[in-house]
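Asks:
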Amino acid sequence: MQHDGRFQGDMDRNEVEMDLNKFMAMVEEIGSLKDKIRDLEDESTKNPHQRWIFLAQAVDSWRIFPRAFLSIYMYLLYFTTFWFMDLESPTFEQSGLISIVVGAGAAWFGLYAGTNGASKSFKGEDK
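Residue numbers for the sequence shown follow this note's numbering, beginning at 12 and rising by one.
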């Protein structure tokens, strides 16, 4: 029988012929993989701070802080706009304040909309 490094045998009888060295190497590899799995499943080797890591990932994925800051900005914009419209004769300083508050909205929204992809590529998660 000719051995060229490939598996050979009778497929009708579920028999396979292979080199004994390759078989033993596969058995050792399977044993080492089972050892690694047992180590990963071992309760004593778990990270005690894993709950904090999950919380940080949840806060990051839910984007809690950007949404909170954007909500605060919307609240500020709403009330300053109505305050400005209720003025009898707004001064130059008051109109400048409203221009800055309204203009900051573009920056806030740009930061909110643009951080998702940038943060993932920064952390190496964009694969």
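Think of the CB as a built atom: it goes at the ideal place given N, C-alpha and C, for glycine as much as any other residue.
All figures in this text were calculated on a predicted structure; none of them were measured in a lab.
Is the beta carbon of residue 77 closer than 8 Å to that of residue 123?
Replies: yes
Asks: Taking C-beta to C-beta, are residue 112 and residue 81 nearer than 8 Å?
Replies: no
Asks: Output needed for residue 62: all residues of its chain with C-beta closer than 8 Å, excluding positions within five of it in sequence on either side, in chain order.
Replies: So no residue of the chain qualifies.
Asks: Determine, for residue 63, whether the minimum Cβ-Cβ distance to residues of chain B falls below 8 Å.
Replies: Note that chain B does not occur in the displayed structure, where there is just one protein chain.
Asks: Thinking residue 92 and residue 75 are a contact (beta carbons under 8 Å), I'd like their distance in whole angstroms, please.
Replies: Their Cβ separation, rounded to whole angstroms, is 26 Å, which puts residue 92 and residue 75 out of contact at 8 Å.
Asks: Pull up the distance between the alpha-carbon of residue 83 and that of residue 66, whole angstroms please.
Replies: Going from the Cα of residue 83 to the Cα of residue 66 covers about 23 Å.
Asks: Helix, strand or coil for residue 100 per DSSP?
Replies: coil
Asks: I'd like the list of long-range same chain contacts for residue 138, defined as Cβ closer than 7 Å, with 5 residues on each side in sequence excluded.
Replies: Reliability fails at residue 138, whose pLDDT of 49 lies under 50, so the model's placement of it is uncertain and the value that follows must be treated cautiously. Cβ within range, chain order: n/a, list empty.
Asks: If you follow the alpha helix (DSSP H) that residue 62 is in, where does it begin and where does it stop?
Replies: 61-73
Asks: With a threshold of 8 Å on Cβ separation, who are the neighbours of residue 51 within its own chain once the five nearest residues in sequence on each side are excluded?
Replies: none
Asks: For residue 46, which of helix, strand or coil comes out of DSSP?
Replies: helix
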